[in-house]
Amino acid sequence: MIIRLKVNGEWRQADVWPGASLLHVLREHLGLVGSKNACEQGECGSCSVWLDGDLVCSCLVLAAQAHEREVQTVESLAEGPRLHPVQEAFLEAGAVQCGFCTPGLIVAVADLLEHDPAPSELTIREALAGNLCRCTGYAKIIDAVKLAAQKLGNP
Amino acid sequence: MRIHLPRTLDEALEIKATDPEAVPLAGGTDLMVLLNFDRLRPAAMLEVSRLPELRAWRRENGTFFLGAGVTYSRIVSSLTEFKPLVEASRSVGSPQIRNRATIGGNLGTASPAGDALPVLAAYDAEIVLIKAGGTTRTLPWHQFLVGPKRNALAPDELILGVRWTVTRGPGSFSKIGTRNAMVIAVAGLCLVMDEGQRQLRVALGSVGPTILRAPDAEAFASKALTGAGAWEDPRAVVPPRVLEEFGERVAAAARPIDDVRGTAAYRRHACNVLGRRALAWALEDRKLRG
């Protein structure tokens, strides 16, 4: 079936198997491989995107459900070579090791800071509960969130 | 696979009448997993996550109606007066999951581990079903949830929402799992203290083939609170033995099994602890409010 959706500000269209997930369409049809495919069951958060402004796991959205809707992926955050403050913070804090979970975390952190510009550590932990990282032990990710909050607060 | 993308409830119900095989899909947190892992290949799916009629809630003359399509995120942010429901909703998955998962999804999947279900059982909620032409059918929660992952929804119906009588008094939801988030409960419990009816209600999740109430424990505690004068006077002393025996009777209502998440014995013990704590919290809550 033909799916038409606005991705990162641009209307795109794809001819997809009706049972395909939004994640599959983003990666395999639209070439947006920033959102990662790992657990395919909403456990790991690596495929996090915004669907009409809500943070969601794109593996749990049927692509057809995104028909005529707006999707924003991790690719929307950097402006050309200029990284988003959350991305900068992850690099500076050493919150990236293998990097597989990073795009999903970047999206989840950007979403958190949009809703709560100065989150407490408990709030950060709760907000990131759906993003798994098997390398860092999370300490540097928490550091990166705090650093990103500073950067966004004093640009 | 046929995919239906109706814009209104009427359109969705017409589709359900002509294509009853169509599986309703909302947040996808259960169904998409089955699809992604090749465990389910429905002939047709019916997208219901955007139907405005399912995303509504309203007060109706002493009762509250909650649409099946309301997400757990919206419950947490907007329905703060229903504390046990908010506590259960906040314990669902992660922010990503709560932004999509709906109360209707818990009812549709009818898993005994659905976090919102013990709350609906403790609220004595009824489930409102609807079919083409707008005909509705209302079932008490225990006639709707009929077994593990089985409910009483007819092929031509959709779940419109749930309705319960608004009560006065404290209550809570708590669950046991290996993490504070992203966990399928090993045991879950909702306790509601209905000060108007002077009745205590307690429901259990993940410890039986479906959601269970603990009527013996409820009657025991309701009576013990009467004996202690606690319904009239929130400061009345309730003997610790009452809390202990309440926990034991709650545990006796469980019908748990051994599975990958826990043993039956552990689950029964968990029910005892959760029940005792929930009653203590409710009594404490009343003391604080005077």
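If you're matching them up, the sequences are chains Z and F in order. For the working numbering, count along the first sequence from 1 and bump the result up by 3. For the working numbering, count along the second sequence from 1 and bump the result up by 6. Glycine residues also receive a C-beta, built at the ideal position from the N, C-alpha and C atoms.
Less than 8 Å separating the beta-carbons of residue i and residue j?
i: A191/F; j: G214/F; result: no
i: L166/F; j: V134/F; result: yes
i: T108/F; j: G33/F; result: yes
i: P334/F; j: P90/F; result: The requested residue 334/F does not occur in the structure, where chain F is confined to residues 7 to 296.
i: A98/Z; j: I144/Z; result: yes
i: M38/F; j: S100/F; result: no
i: A193/F; j: V168/F; result: no
i: S178/F; j: A271/F; result: no
i: Q68/Z; j: W53/Z; result: no
i: A66/Z; j: I6/Z; result: yes
i: E20/F; j: A160/F; result: no
i: L8/Z; j: R85/Z; result: no
i: C62/Z; j: N105/F; result: no
i: G218/F; j: R156/F; result: A small fix is needed here, since residue 218/F is Leu in this sequence, not Gly. No; because the gap between Cβ atoms is not below 8 Å, this pair is not in contact.
i: L298/F; j: V244/F; result: A query on residue 298/F cannot be resolved here, the shown segment of chain F reaching from 7 to 296 and no further.
i: L46/F; j: K22/F; result: no
i: L25/Z; j: V64/Z; result: yes
Strictly under 8 Å for the Cβ-Cβ distance: is residue i near chain F by that measure?
i: C136/Z; result: no
i: E82/Z; result: no
i: L58/Z; result: yes
i: A92/Z; result: no
i: A132/Z; result: yes
i: E124/Z; result: no
i: E73/Z; result: no
i: E95/Z; result: no
i: E129/Z; result: yes
Report the neighbours of residue i on chain Z: residues whose CB is nearer than 8 Å to its CB, in chain order.
i: V39/F; result: E43, Q44, G45, L63
i: A223/F; result: None at all; the shortest Cβ gap to chain Z is about 32 Å.
Taking 8 Å as the threshold (beta carbon to beta carbon), is residue i in contact with chain Z?
i: N42/F; result: yes
i: E251/F; result: no
i: E53/F; result: yes
i: R106/F; result: yes
i: A119/F; result: no
i: L60/F; result: no
i: L164/F; result: no
i: L31/F; result: yes
i: A284/F; result: no
For a contact defined as C-beta to C-beta under 7 Å, what are the partners of residue i on chain Z?
i: M7/F; result: P21, G22
i: L11/F; result: A67, H70
i: T2/F; result: The first residue shown for chain F is 7 and the last is 296, placing residue 2/F beyond what the model contains.
i: E132/F; result: Chain Z residues near E132/F: none, gap ~29 Å exceeds 7 Å.
i: G177/F; result: Chain Z residues near G177/F: none, gap ~22 Å exceeds 7 Å.
i: M188/F; result: E46, A132, G133
Return yes when the C-beta of residue i is under 7 Å from any heavy atom of the ligand NAP, and no when it is not.
i: S228/F; result: Here there are no bound small molecules, and the ligand NAP is not part of this structure.
If the cut is a Cβ gap below 7 Å, which residues of chain F does residue i touch?
i: S51/Z; result: Q102
i: E117/Z; result: By Cβ distance, chain F contributes nothing, its closest Cβ being about 12 Å from E117/Z, past 7 Å.
At a CB-CB cut-off below 9 Å, which residues of chain Z make contact with residue i?
i: G114/F; result: Those within 9 Å of G114/F in chain Z number zero; the least Cβ separation is about 15 Å.
So which residues on chain F does residue i lean against when the C-beta distance must stay under 8 Å?
i: G48/Z; result: S100, Q102
Is residue i close to chain A, meaning its C-beta is less than 8 Å from at least one C-beta of that chain?
i: R8/F; result: Any reference to chain A falls outside this structure, whose protein chains are Z and F.
Whether or not the region 221-240 of chain F and the region 251-265 of chain F are in contact is what I'm after, with contact meaning three or more pairs of Cβ atoms, one per stretch, closer than 8 Å; do they touch? Because the criterion of three Cβ pairs below 8 Å is met, the region 251-265 of chain F and the region 221-240 of chain F touch.
Which runs of the beta strand (DSSP E) spanning at least 3 residues fall entirely within the region 124-169 of chain F, listed in chain order? Within the region 124-169 of chain F, the beta strand (DSSP E) runs of at least 3 residues that lie entirely inside it are, in chain order, 132-137, 141-146, 151-153.
Do the region 54-64 of chain F and the region 10-17 of chain F make contact, defined as three or more Cβ pairs closer than 8 Å? Contact holds: three or more Cβ-Cβ distances are below 8 Å.
Restricting to runs no shorter than 4 residues, where is the alpha helix (DSSP H) found entirely within the region 56-128 of chain F? Counting whole runs of 4 or more residues, the region 56-128 of chain F contains the alpha helix (DSSP H) stretches 78-84, 89-96, 101-104, 109-115, 123-128.
Is there contact between the region 199-210 of chain F and the region 121-131 of chain F, where contact requires at least three CB pairs shorter than 8 Å? Here the region 199-210 of chain F lies against the region 121-131 of chain F, with 3 or more beta-carbon pairs under 8 Å apart.
Taking only runs that begin and end inside the region 41-80 of chain Z, name each unbroken beta strand (DSSP E) of 3 or more residues, in chain order. Those beta strand (DSSP E) runs which fall completely within the region 41-80 of chain Z and span 3+ residues are 51-54, 57-60, 73-75.
Can you find at least 3 beta carbon pairs, one from the region 6-22 of chain Z and one from the region 31-45 of chain Z, that sit closer than 8 Å? Contact between the region 6-22 of chain Z and the region 31-45 of chain Z is present, with at least three C-beta pairs closer than 8 Å.
How about the region 88-103 of chain Z and the region 126-133 of chain Z: do they share at least three Cβ pairs that are nearer than 8 Å? Taking one beta carbon from each stretch, the region 88-103 of chain Z and the region 126-133 of chain Z have fewer than 3 pairs nearer than 8 Å; the two do not touch.
Of all the beta strand (DSSP E) runs that stay within the bounds of the region 16-54 of chain F, which reach a length of 3 or more residues? Within the region 16-54 of chain F, the runs of beta strand (DSSP E) that reach at least 3 residues and sit entirely inside it are, in chain order, 29-31, 50-53.
Would you be able to state if there are at least three C-beta pairs under 8 Å between the region 144-156 of chain Z and the region 108-128 of chain Z? With three or more CB-CB distances shorter than 8 Å, the region 108-128 of chain Z counts as touching the region 144-156 of chain Z.
Hey, is the region 105-120 of chain Z in contact with the region 70-78 of chain F, meaning 3+ C-beta pairs nearer than 8 Å? Below 8 Å, too few C-beta pairs join the region 105-120 of chain Z and the region 70-78 of chain F to call them touching: fewer than three.
Examine the Cβ distances between the region 139-150 of chain F and the region 193-205 of chain F and report whether three or more of them are shorter than 8 Å. Judged by Cβ distances under 8 Å, the region 139-150 of chain F makes no contact with the region 193-205 of chain F, as fewer than three pairs qualify.
Minimum length 3: unbroken beta strand (DSSP E) runs contained in the region 244-279 of chain F: Inside the region 244-279 of chain F, DSSP marks no whole beta strand (DSSP E) run of 3 or more residues.
Ranges of the alpha helix (DSSP H) found wholly within the region 79-116 of chain Z, counting only runs of at least 4: Entirely contained in the region 79-116 of chain Z, the alpha helix (DSSP H) runs reaching 4 residues are, in chain order, 88-96.
Complete beta strand (DSSP E) runs within the region 181-215 of chain F (minimum length 3 residues, chain order): Counting only runs of 3 or more, we get 193-200, 205-211.
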